[in-house]
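Structure first, commentary second.
Residue numbers (this note's numbering): 464 to 623.
If you want it as C-alpha cells, here you go:
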C-alpha cells in the first residue's frame, strides 16, 4: 500500500516538473544551485525521494521520484553540452577560471621580460665597468708619456 495517494503523487510530480523547468531556465533561488537538492526544496518534496530505496530484504527499489531526478540530470547535461549554463555560479566559476589562466599567462610573460631585462642590465653594467677600466688604463698609460694635456675645466666643472 503506497504511503501517499495517487492524487498527491500527481501533484508532487507536477510541482517537481514546474520546479525543474524553472531551474533549467536559470531561475534559481538565492543561494540555490541547479541540482537535485534545490529541485526538491523548490518542489516541496523530500530529497531522498529522488534516490533508490532499500527493502527490508536488502533489495533495492526505485525512489518515488527517481525517474524525475534522472530526467532533470539528463536535461541539465544536455543543456551543458549545448553550451548553455543554467547556474550563474557555474558561469562565474568558468569566467574566473578563464581569468586566472589569462593572469597566469601574463605573469609568465612578465617574468620572462624581467629575466631578459635583468640579463641586459648585468651585461650593460659589465660593459660599462670594462669601458671604465679601459679608460683608467689608457689614462694611466698616457700620464708618463707627457704628451697628453688635461683640458681646463669650465665654471660648472665640465670640459669645453
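Virtual Cβ for every residue (Gly too), placed ideally from N, Cα, C.
Could you check what DSSP says for residue i in three-state terms: helix, strand or coil?
| i | result |
| --- | --- |
| residue 488 | coil |
| residue 524 | strand |
| residue 517 | strand |
| residue 532 | helix |
| residue 496 | coil |
| residue 464 | The predicted position of residue 464 is uncertain, since its pLDDT is 42 and thus under 50; a value taken from the coordinates is nonetheless stated next. Note: residue 464 maps to coil in three-state DSSP. |
| residue 502 | helix |
For residue i, count neighbouring Cβ atoms within 10 angstroms of its own Cβ and tell me buried if that reaches 16, exposed if not.
| i | result |
| --- | --- |
| residue 473 | exposed |
| residue 475 | buried |
| residue 513 | buried |
| residue 559 | exposed |
| residue 547 | exposed |
| residue 464 | Bear in mind that a pLDDT of 42 at residue 464, under 50, signals an unreliable position, so the number given afterwards is only what the model happens to contain. Exposed, since its Cβ has fewer than 16 Cβ neighbours within 10 Å. |
In angstroms with no decimal places, state the Cα-to-Cα distance between residue i and residue j.
| i | j | result |
| --- | --- | --- |
| residue 499 | residue 515 | 14 angstroms |
| residue 525 | residue 495 | 26 angstroms |
| residue 568 | residue 562 | 10 angstroms |
| residue 600 | residue 616 | 22 angstroms |
| residue 585 | residue 573 | 18 angstroms |
| residue 492 | residue 578 | 50 angstroms |
| residue 489 | residue 509 | 22 angstroms |
| residue 602 | residue 588 | 21 angstroms |
| residue 531 | residue 565 | 40 angstroms |
| residue 582 | residue 596 | 21 angstroms |
#### Entry: In chain order, each beta strand (DSSP E) run of at least 3 residues that lies wholly inside the region 527-602
If we require 3 residues or more, the region 527-602 turns out to have no beta strand (DSSP E) run fully inside it.
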